[in-house]
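Peer 1: If you read the sequence shown in UniProt numbering, its first letter stands for residue 1, the second for the next number, and so on. No residue lacks a Cβ here, since even glycine has one placed at the ideal position from N, Cα and C. Please read all numbers here as calculations on a predicted model, not as lab measurements. Here you go, one structure.
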Amino acid sequence: MKITLTVNGEEFPLDVEPRRILADVLREDCRLTGTHLGCEHGVCGACTVLVDGEAVRSCLMLAVQCDGRPVRTVEGLTSPDGEPSALQRAFSAEHALQCGFCTPGFLMAAAGALEADPTLADHPERMEHIVGSNVCRCTGYEPIRRAIMRAAQELQQPAT
């Protein structure tokens, strides 16, 4: 089936089997390997990407469902000049990456949440939902929580 994926602002005209999952198409056809596959059951969150600005598990979504819809992967978090985003800087500063396998999924879940609600830092229950949405076996979640909080606070500061 011929589709066009718009990933991180770039169009990818593709011919894919209707049964292929978005994660596989992103990794294999678009060569965007930042999206990781963990459980392939939608539980771990390592494959989280944004579709229409909403966090989705790309292992549970078919690529054909994204035809003509904007998809954003972890590769799309950096600024046009290649500088890391506030969220990426915060993950580094708070040591929220450790092995790094879950990191892209956490970054995308947090990016979607922060874009939808810039006041996320003021709502601990929403923060808990984001942190609890994905699985990490290295950090104990506290560095991830601190990183999202740090990025949220930075994004709320007026630009100087």
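Three Cβ pairs or more, each shorter than 8 Å: is that satisfied between the segment 116–125 and the segment 58–77?
Peer 2: At 8 Å Cβ cutoff, the stretches do not touch.
Peer 1: Along the beta strand (DSSP E) that carries Arg-20, what are the first and last residues, could you check?
Peer 2: Premise fails: Arg-20 is in no beta strand (DSSP E) and is neither H nor E.
Peer 1: First and last residue of the beta strand (DSSP E) that includes Glu-142?
Peer 2: Not the beta strand (DSSP E): Glu-142 falls in the alpha helix (DSSP H), residues 142–156.
Peer 1: For the ligand FMN, I want to know if Pro-143 counts as a neighbour, meaning its beta carbon is within less than 7 Å of at least one of the ligand's heavy atoms.
Peer 2: With respect to the ligand FMN, the structure shown offers nothing to examine, as it has no ligands at all.
Peer 1: Assign Met-1 to buried or exposed, taking buried as 16 or more other Cβ atoms, counted over all protein chains shown, within 10 Å of its Cβ.
Peer 2: Counting Cβ neighbours within 10 Å, Met-1 comes out exposed, since fewer than 16 surround it.
Peer 1: With respect to the alpha helix (DSSP H) encompassing Glu-115, which residues constitute its N-terminal and C-terminal limits?
Peer 2: Per DSSP, Glu-115 belongs to the alpha helix (DSSP H) from 103–116.
Peer 1: Can you tell me which of Gly-38, Asp-67, Val-74 and Val-64 puts its alpha carbon nearest to the alpha carbon of Ala-55?
Peer 2: Nearest option by C-alpha distance: Val-74.
Peer 1: Would you kindly report the start and end of the unbroken beta strand (DSSP E) that includes Leu-50?
Peer 2: That run of the beta strand (DSSP E) goes 48–51.
Peer 1: So, are the CB atoms of Cys-47 and Leu-37 less than 8 Å apart?
Peer 2: The answer is yes: Cβ separation under 8 Å.
Peer 1: I need the DSSP call for Val-135, collapsed to helix, strand or coil.
Peer 2: DSSP places Val-135 in coil when its eight states are reduced to three.
Peer 1: Could you give the first and the last residue of the continuous alpha helix (DSSP H) run that contains Leu-87?
Peer 2: From DSSP, the alpha helix (DSSP H) with Leu-87 extends over 86–93.
Peer 1: Let me know the secondary structure DSSP gives Pro-124 once reduced to three states.
Peer 2: In this structure, Pro-124 counts as helix in the three-state DSSP scheme.
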